[in-house]
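So the sequences go chain by chain: A and B. The number in our numbering is simply the position in the first sequence, starting from 1, with 12 added. The number in our numbering is simply the position in the second sequence, starting from 1, with 12 added. We put the CB at the ideal spot given by N, CA and C, even for glycine.
There are 2 protein chains.
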Amino acid sequence: MLIGKKDKADISRARILDAAAGLFRQYGYGQVSLRVIAEAAGMKSGSLYYHFASKEAIVVEVLDLGIEMVHQKVDTAICAMSEQASAGELLHAGILNHLQALFAFSDYTSANVRIYGQVPDEVRKANRRVRRRYEALWMSILSRAEESGGLRASVDHDAFKLMLIGSLNATLEWFDPVKDDVQKLADSYTEILLGGLLNHVESNV
Amino acid sequence: MLIGKKDKADISRARILDAAAGLFRQYGYGQVSLRVIAEAAGMKSGSLYYHFASKEAIVVEVLDLGIEMVHQKVDTAICAMSEQASAGELLHAGILNHLQALFAFSDYTSANVRIYGQVPDEVRKANRRVRRRYEALWMSILSRAEESGGLRASVDHDAFKLMLIGSLNATLEWFDPVKDDVQKLADSYTEILLGGLLNHVESNV
DNA sequence: GTCTATAGCTCGATAGAC
DNA sequence: GTCTATCGAGCTATAGAC
Chain A
13 MLIGKKDKAD ISRARILDAA AGLFRQYGYG QVSLRVIAEA AGMKSGSLYY HFASKEAIVV
73 EVLDLGIEMV HQKVDTAICA MSEQASAGEL LHAGILNHLQ ALFAFSDYTS ANVRIYGQVP
133 DEVRKANRRV RRRYEALWMS ILSRAEESGG LRASVDHDAF KLMLIGSLNA TLEWFDPVKD
193 DVQKLADSYT EILLGGLLNH VESNV
Chain B
13 MLIGKKDKAD ISRARILDAA AGLFRQYGYG QVSLRVIAEA AGMKSGSLYY HFASKEAIVV
73 EVLDLGIEMV HQKVDTAICA MSEQASAGEL LHAGILNHLQ ALFAFSDYTS ANVRIYGQVP
133 DEVRKANRRV RRRYEALWMS ILSRAEESGG LRASVDHDAF KLMLIGSLNA TLEWFDPVKD
193 DVQKLADSYT EILLGGLLNH VESNV
């Protein structure tokens, strides 16, 4: 999952992080011991301390990577879009790339979604910076979409951003990218988030 | 949180479950020891075994209650609605009552959302039954809404149900019912889910 | 860089007094 | 019903050989 590494230390570091991400995702933070992380990474528990100062140092890096991999993919995709892109096109691209990154790096992203609320305070605080940056990216996507026209004025951007990220991340709990097509999932979520459930003739509530 | 109990055993049981739900929510399953559950419930760890056979037996009950409390509130609210209720009214009622129950019993509901993916297999399997029942309730709400007319045919009910439950549950991670109004949150989510983000003149994607 | 060995601690669970 | 006491196991982290 982590690529582009060169020397032995970098390779071992990456193996430890990959192993930890997968185990944290499946069993939570507290249930995963350094012994099983080491075993999954192909070494003994004592050797972990050559690469990381503590269990907390490992989880900090796993959590940050879980956000940063999504951030980078969405950012790159949005930056590459034409100036003339419509609001619908921008949002569809953001949703699709968020979902693609979510499932491409699912051990890291799912570990983040699942254990963020359960790690020690200092760990959570460290990850908060990265989370805020990703939320800010979505605010800028919404601003750009608004400039291109077509957004309903009654929808609060901040609420929409939180709802969008929350609903997309929740797909990690049930969607299977092997059985089903992420592209179709993105189309389906875009359809609902942009167009809503109701026919547009009647006013809701 | 758990009320209507009578004798000493029932009271102690309820205190144990309340304590466990709050601790599981905050620290996850693996990091919470029976000793701290017992302390939070006002007893010693050995005493827990008079009420529960194991740590797993406690978490099974916490997880089930987290779904059942929401199920019951939503079911009651929907059943009480007039036959002439519109699709928008039905969905708003479902969304509002789901959110209200989510925050009224937040230790149980949040514990469920957070640790479901990390508990032992048999525990997760036990909770799956209750989850399926709640999803079925939402399918019946969507069917009833469709009969009353006004739903876009292009929206898949199954995808919408998963997205709705996922996005509502995700509010547990950021919404503060003390600082803000759950009613307003429900209005805001209903607005987006039923009407979408875009102006209805343009077609999306 | 990775190993073995282990210190010091906490865990879930049980047994038996009251 | 709740207590105390304890078993055997597993935990994070460290020390030092290789």
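In terms of beta-carbon proximity, HIS212 of chain B lines the interface with chain A, with at least one pair separated by less than 7 angstroms. Exposure of SER59 of chain B is indicated by the presence of fewer than 16 other C-beta atoms within 10 angstroms of its C-beta. Within the segment 153–178 of chain B, GLY162, LEU163, ARG164, SER166, VAL167, ASP168, ALA171, PHE172, LEU174, MET175 and GLY178 place their CB atoms closer than 7 angstroms to a CB of chain A, listed in sequence order. Contact with chain A is absent for SER66 of chain B, since none of that chain's Cβ atoms lies less than 7 angstroms from the residue's Cβ.
Restricting attention to A:HIS212, A:LEU176, A:ILE153 and A:LEU111, the CA atom closest to the CA of GLU95 of chain A is found in A:ILE153. Your pair ALA99 of chain A and GLY161 of chain A checks out as a contact, with CB atoms roughly 7 angstroms apart and the cut at 8 angstroms.
For TYR120 of chain A, the closest of A:ARG156, A:LYS137, A:LEU75 and A:MET93 by C-alpha to C-alpha distance is A:LEU75. Here the segment 157–175 of chain B makes no contact with the segment 68–86 of chain B; the two share fewer than three CB pairs at distances below 8 angstroms. Comparing alpha carbon positions, the residue from A:LEU111, A:GLN84 and A:ALA50 closest to ASP199 of chain A is A:LEU111. Any Cβ of chain B closer than 7 angstroms to the Cβ of GLN112 of chain A would place that residue at the interface, and such an atom is absent.
Nearest in C-alpha terms to GLY54 of chain A, of all of A:ILE204, A:ARG27 and A:SER122, is A:ARG27.
For the pair GLY208 of chain B and ILE107 of chain A, the Cα-to-Cα distance works out to about 14 angstroms. Taking a contact as a CB-CB distance under 8 angstroms, the pair ILE127 of chain B and GLY34 of chain B does not count as one, their CB atoms being some 12 angstroms apart. For ALA97 of chain A, there are no C-beta contacts with chain B under 7 angstroms, since the nearest C-beta of that chain is about 11 angstroms from it.
Taking each of B:ALA182, B:ALA171 and B:GLU147 in turn and checking the Cα distance to LYS173 of chain A, the smallest one comes out for B:ALA182. Beyond the five residues adjoining it in sequence on each side, HIS63 of chain A comes within less than 8 angstroms, by CB distance, of ALA21, SER24, ARG25 and ILE28 in the same chain, given in chain order.
DSSP, read as helix, strand or coil, puts LEU210 of chain B in strand. Taking the Cβ atoms as the reference, ALA50 of chain B lies roughly 30 angstroms from LYS85 of chain B, outside the contact range of under 8 angstroms. Secondary structure at LEU163 of chain B: strand, using DSSP grouped into helix, strand and coil.
When only Cα atoms are considered, THR88 of chain B and LEU149 of chain B end up about 11 angstroms apart.
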